[in-house]
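Remarks on the structure that follows.
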Amino acid sequence: MRLAITGSAMVTSVGPDKQTGFDAMCRGVSGRTTLQGFPAQRFNAKYAYEIADRPAQADGSTADATLRASAWLRDAIVAAVREAKLGPDEDLCVIVGTGLRELRSLELFWTEGQEFSLPALHFEAAVEQALGFAVPVMTVCNACSASNYALAMAEDLIANGRYQCVVVAGCDAITESMFGLLDRVNPEPPEMVQPFERARKGVLMGEGAAALVLENPGNVARRGARVQAWSRGVGTSCDANHETAPDMAGIARAIADAHQRARLQPRDIDLIVVHGTGTHLNDATEANALRHVFGAAISSVPISGLKSMTGHTSGSSGLVGVVTAIASLRAQTIAPTLNFSSPMAEAEGMLIVHDRALQHAMTYVQVNAFGFGGVNAVAIIEKVAA
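In UniProt numbering, the protein residues as written are 1 to 386.
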């Protein structure tokens, strides 16, 4: 089922809005800085991809604050809804995909006594503040593929006639507990995220939010909105193979499901935005799954690893990829993969875009998102015909 995307937005460490962020990605700008949110001396890794919005102190330092993820979520939803020309009379709901919800706010409440209430873990108040009116809000806390899973849920709701329009969003802020968990499992502390790179050391966290408006095409003309791109389908799987380790068969099923829903063959895909976390096992497994599904065609499909610039933005990363894919289709430009010099063995012969942006004719983009517990969601986005 082809559904219309009529609004889109994102906030990441490389830009406060989608155009600034996409332009920065195409220039190869990295959002990586030394760790800002909590003392770096507590950890082996010293870097992260943080959004620079913390309040400044008298000595020039910054202090962490609650509800940062909610603020980015509001910004993204406001921008996407404005583009889509949505109003309070629309038949709509909102689905927010997240990996960590407002866990960082809860940490600050517990460790520093900052003000925070448990209902804020669910984003209903933030969403309604952004929209200015009450709507049904669902928060899906579903690991690192959460926002692409939210997109799949939105497609089902529209296809089943439950809603004509769904605002799909994702957001996550870096938490000290999750940063510490990842710090303990990396064999060596990574200094940067290096998707599909032979010398990769592991993942570093990033921050961000993204939103889009998905709707029945019949809705669009009535409201005078403009279609930015088409969502052709989201393939999903939950392999439940391991708490954290990826499963090649499960990832391959999600990719194949996406192609089937989009009624496309692997050779039809013009760009793959990989999950590409820069970890030893995840990148190798993703590359093997791509080989399994695409076969020989994988050597001719450009690949882009956005996390080399934004870090791993957790549950928002899928939609960050989708919004970037929309911008790529409009500009016919692929953002490069940073920190890449030689491919890992599993990616030998793959066309990994690096060093500089690539001008490339594109109609269909595949966006991969995978999460702990084997929660996989792969979206296919189509260019709007001129």
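Every residue gets a Cβ at the ideal spot worked out from N, C-alpha and C, and that includes glycine.
Checklist entry - Taking the alpha-carbon positions, what's the LEU121 to SER342 distance? => result Looking at the two C-alpha atoms, the distance is approximately 41 angstroms.
Item to check | Contact belief for residue 429 with ILE77 at Cβ below 8 angstroms, rounded distance in angstroms | outcome: Because the chain is modelled from 1 through 386, residue 429 falls outside the range shown and cannot be assessed.
Item to check | Residue of ALA209, GLN359, ASP355, GLN332 minimising C-alpha distance to VAL384 | outcome: Here the closest residue by C-alpha is GLN332.
Checklist entry - Closest by CA to ALA345, which one among SER300, ARG291, ASP355? => result Ranking SER300, ARG291, ASP355 by CA distance to the CA of ALA345 puts ARG291 first.
Checklist entry - Are THR6 and GLN228 touching if we call contact CB-CB under 9 angstroms? => result In this structure, GLN228 lies closer than 9 angstroms to THR6 by Cβ.
Next on the checklist: Quick check: the Cα distance between GLY349 and ALA289, rounded to an integer number of angstroms?
Outcome noted: Spanning the alpha carbons of GLY349 and ALA289 requires a straight line of approximately 15 angstroms.
Next on the checklist: How far does the beta strand (DSSP E) with GLU382 in it extend, from its first residue to its last?
Outcome noted: For GLU382, the uninterrupted beta strand (DSSP E) run begins and ends at 375–383, by DSSP.
Item to check | Supposed contact pair LEU92 and TYR149 - C-beta distance, whole angstroms, cut 8 angstroms | outcome: Their Cβ separation, rounded to whole angstroms, is 19 angstroms, which puts TYR149 and LEU92 out of contact at 8 angstroms.
Checklist entry - Who pairs with HIS312 in a beta bridge, going by DSSP? => result In DSSP, HIS312 forms a bridge with MET205.
Item to check | Top-ranked residue by Cα proximity to ALA296, from SER316, ALA347, GLY318, SER328 | outcome: Measuring C-alpha to C-alpha distances from ALA296 to each of SER316, ALA347, GLY318, SER328 identifies ALA347 as the nearest.
Checklist entry - To which residues of the same chain is ILE334 closer than 7 angstroms at the C-beta, ignoring the five residues directly before and after it? => result Hits under 7 angstroms: LEU271, PRO302, SER304, SER328, VAL353, ALA357, LEU358, HIS360.
Item to check | 7 angstroms Cβ shell around THR236 - same chain, five flanking residues per side excluded | outcome: Once the five neighbours on either side are set aside, the close Cβ partners of THR236 are TYR149, ALA152, ALA254, ASP257, ASN376, ALA377.
Checklist entry - What's the C-alpha gap between VAL220 and ILE51? => result Whole-angstrom Cα-Cα distance: 34 angstroms.
Item to check | the stretch 32–51 in contact with the stretch 171–179 per 3-pair CB rule at 8 angstroms | outcome: Three or more beta-carbon pairs separated by less than 8 angstroms link the stretch 32–51 to the stretch 171–179, which places the two stretches in contact.
Next on the checklist: Rounding to the nearest angstrom, what Cα-Cα distance links LEU108 and MET10 in this structure?
Outcome noted: Roughly 25 angstroms between the two C-alpha positions.
Checklist entry - Taking only runs of the beta strand (DSSP E) that begin and end inside the stretch 92–167, which ones reach a length of at least 3 residues, in chain order? => result Listed in chain order, the complete beta strand (DSSP E) runs (minimum 3 residues) inside the stretch 92–167 are 92–98, 137–141.
Next on the checklist: DSSP three-state label for SER341, please.
Outcome noted: SER341: coil per DSSP, three-state reduction.
Checklist entry - Could you give the distance in angstroms between the alpha-carbon of SER177 and the alpha-carbon of VAL96? => result Approximately 22 angstroms between the Cα atoms of the pair.
Item to check | Reduced DSSP category for HIS360 - H, G, I as helix; E, B as strand; rest coil | outcome: If DSSP states are grouped into helix, strand and coil, HIS360 belongs with coil.
Item to check | GLY21 versus VAL14: straight-line alpha-carbon distance, rounded | outcome: Cα-Cα distance, rounded: 5 angstroms.
Checklist entry - When the Cα atoms are used, what is the spatial distance from SER147 to ALA199? => result Using only the alpha carbons, I get a separation of about 29 angstroms.
Next on the checklist: Using 9 angstroms as the threshold, is the C-beta distance between GLN73 and ALA130 below it?
Outcome noted: The identity of residue 73 in the sequence shown is Leu, whereas the question assumes Gln. Against a cut-off of 9 angstroms, the Cβ pair of ALA130 and LEU73 comes out as a contact.
Checklist entry - LEU86 and SER231: beta carbons closer than 9 angstroms? => result No, the Cβ-Cβ distance between LEU86 and SER231 is not below 9 angstroms.
Checklist entry - Thinking C-alpha only, which one of LEU100, GLU90, THR33 is nearest residue 431? => result Missing from the structure shown is residue 431; the chain here goes from 1 to 386 and no further.
Checklist entry - Buried or exposed: ALA209, going by 16 or more other Cβ atoms within 10 Å of its Cβ? => result Classified as buried, ALA209 has 16 or more neighbouring CB atoms from the shown chains inside 10 Å of its CB.
Next on the checklist: What residue range does the alpha helix (DSSP H) around VAL220 cover?
Outcome noted: VAL220 -> alpha helix (DSSP H) spans 217–223.
Item to check | Collapsed DSSP secondary structure at LEU271 in the structure displayed | outcome: In the three-state reduction of the DSSP assignment, LEU271 falls in the strand class.
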